[in-house]
Amino acid sequence: MQSDIFQAACLLQLNTSCWQGSRRLDPAVMERIGNSEWLRGRKHLIDPEALNPVRAVISRARKDVERKALPFPVTSLSLVPKEQLASIEEGLARCRAEYWQAVETFVDQYETARETARASLGELFSEADYPVAIRSKFGFDWRYFTLDVPGKVGVLSPELYQREREKFQAMLEETRELAMAALRKEFAEHVNHIVERLTRSEDGQPKVFKNCMIEKIQAYLDAFDARNLFADERLAELVEQAKALVGGAAPESIRQNIWLKNKIAEGMNRIKRTIDEAVIDLPRRKLRLDQAPPARAQCA
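Start counting the sequence shown at -4; every next residue gets the next number (this note's numbering).
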């Protein structure tokens, strides 16, 4: 694979933080007191549900990136096809607004939540556990990078340049493997789910399926061409077959039209047999963040 893949994509780093709201307890204390609603191996500093809205936005943002981007063999980085940039940027901006709204709601309730904790924790309550500037414990931001092999003209000696170039090419090959495996696995999950829900139960009764089952695979199919950076022709052929089956189908039409439902079920069963064979379990040799990528990273 050629390094010019980064002319068609860039890297995204999404950074999020959320106050943990708990603190580990000494085992001796746990042995003496035992578990309770506020003590489960850790001391909950506030009602755990108070932070759920913030965590939910973080989870939604990361899942949205995962659906639209591709994995990359450096922890915390995603490979973003340029055709997906606008959609990802729009989604992250929306999630950031929702995130800070959820944070502000929590901050408004912080003092009350702390007083509730004081009453619930008793002797285990400590003012030192509670940040004064609680808002500083939260964060939501992202940045883009371009990545390229170091130029021959620079501080690297010929030997170092050759070594880093080899590392870079190895990383590109791993990126290709990860991306192809991720797209195949994701497609297989959609297909298997549809086959399972459109297959009648043992008593012959039709199973219920939600609209999102069809909407999710349609979203995958719509974004596939942009995400198929490494030209997986085998998968592309199966995707075209799936598009012919469900590309423009409305969930309610599938429920009401038995002929259409059976046609989709039969077609997806054929696709399932092929994609199950195509899904390969590639090694995932993730690099650590403290291990710099074998190339020059630049802010885009």
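Just so you know, even glycine gets a beta-carbon here, dropped at the ideal spot from N, CA and C. Please read all numbers here as calculations on a predicted model, not as lab measurements.
Contact check, residue i vs residue j, beta carbons under 7 Å
| i | j | result |
| --- | --- | --- |
| residue 259 | residue 233 | no |
| residue 94 | residue 135 | yes |
| residue 264 | residue 190 | yes |
| residue 17 | residue 40 | yes |
| residue 97 | residue 49 | yes |
| residue 236 | residue 209 | no |
| residue 183 | residue 83 | no |
| residue 221 | residue 79 | yes |
| residue 297 | residue 246 | Any answer about residue 297 is impossible in this case: the structure gives the chain only from -4 up to 295. |
| residue 138 | residue 2 | no |
| residue 204 | residue 192 | yes |
| residue 298 | residue 90 | The first residue shown for the chain is -4 and the last is 295, placing residue 298 beyond what the model contains. |
Coil, strand or helix - residue i by DSSP
| i | result |
| --- | --- |
| residue 6 | strand |
| residue 203 | coil |
| residue 13 | coil |
| residue 48 | helix |
| residue 75 | strand |
| residue 60 | helix |
| residue 69 | strand |
| residue 240 | helix |
| residue 142 | strand |
CB-CB length for residue i against residue j, believed under 8 Å
| i | j | result |
| --- | --- | --- |
| residue 87 | residue 224 | Contact doesn't hold; Cβ gap of about 20 Å is too wide. |
| residue 100 | residue 53 | Going by Cβ atoms, the distance from residue 100 to residue 53 rounds to 15 Å, so no, they are not a contact pair. |
| residue 179 | residue 274 | 5 Å |
| residue 5 | residue 141 | 5 Å |
| residue 74 | residue 174 | 7 Å |
| residue 215 | residue 185 | 6 Å |
| residue 119 | residue 38 | 6 Å |
| residue 242 | residue 213 | 7 Å |
| residue 45 | residue 128 | The pair is not a contact, with the Cβ atoms about 18 Å apart (cut-off 8 Å). |
| residue 218 | residue 63 | 6 Å |
Start-to-end residues for the beta strand (DSSP E) that takes in residue i
| i | result |
| --- | --- |
| residue 19 | 17 to 19 |
Segment limits, alpha helix (DSSP H) that includes residue i
| i | result |
| --- | --- |
| residue 153 | 153 to 193 |
| residue 264 | 253 to 273 |
Residue i: CB within 6 Å of a non-hydrogen atom of the ligand SAH
| i | result |
| --- | --- |
| residue 10 | What this structure holds is no ligand at all, so the ligand SAH is not there to describe. |
Self-check item: Any beta strand (DSSP E) of 3 or more consecutive residues that is wholly inside the segment 90 to 140
Solution: With a minimum length of 3 residues, no continuous beta strand (DSSP E) run stays inside the segment 90 to 140.
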